[in-house]
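See below:
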């Protein structure tokens, strides 16, 4: 099987479970956005979502259920993010959204909307996002 350079790059910067940007991609993009802010001005907001009690879900229901839950949360976040936002999974049950040039108060509203999207997911039983 032959893997193209583009395929290798995709694997290097994509979380295989959720299909979202991985930690490396988020760190690189964050650095790019900070450099852009220094050059052109503007703002940058970062929202981090950590699923409370996720380890208990894995311990109780198994890793397959935990993986399905993470993928489901990733889809819920992807469906709810703003067009230019960058979404990624940076750790076990930690997700991040980079928001370039948010309007005043807009990042808080966007993060709250995304938190509600996570809370509304039907796969969440005893797992809730941190506040």
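Residue numbers (the working numbering): 724 to 854.
Glycine included, every Cβ here is placed at the ideal spot set by N, Cα and C.
These figures come from a predicted structure and were not determined experimentally.
In the structure shown, the three-state DSSP call for residue 829 is helix. DSSP links residue 809 through a beta bridge to 821. Looking only at 813, 732, 824 and 830, the smallest Cα-Cα distance to residue 741 is reached by 813. Checking the DSSP bridge columns, you'll see residue 780 has no partner listed. In this structure, residue 770 lies near residue 830, with their beta-carbon atoms less than 8 Å apart.
Short of 7 Å from the beta carbon of residue 799, and not among the five residues preceding or following it, lie these beta carbons of its own chain, in chain order: 840, 841 and 844.
Boundaries of the alpha helix (DSSP H) harbouring residue 749: 746–763, taken from the DSSP string. For the set 834, 785 and 822, the Cα lying nearest the Cα of residue 808 is the one of 822. In the three-state reduction of the DSSP assignment, residue 770 falls in the strand class. Per the coordinates, the alpha-carbon of residue 816 lies some 11 Å from the alpha-carbon of residue 780. Counting of Cβ neighbours within 10 angstroms places residue 729 among the exposed residues, the total staying below 16.
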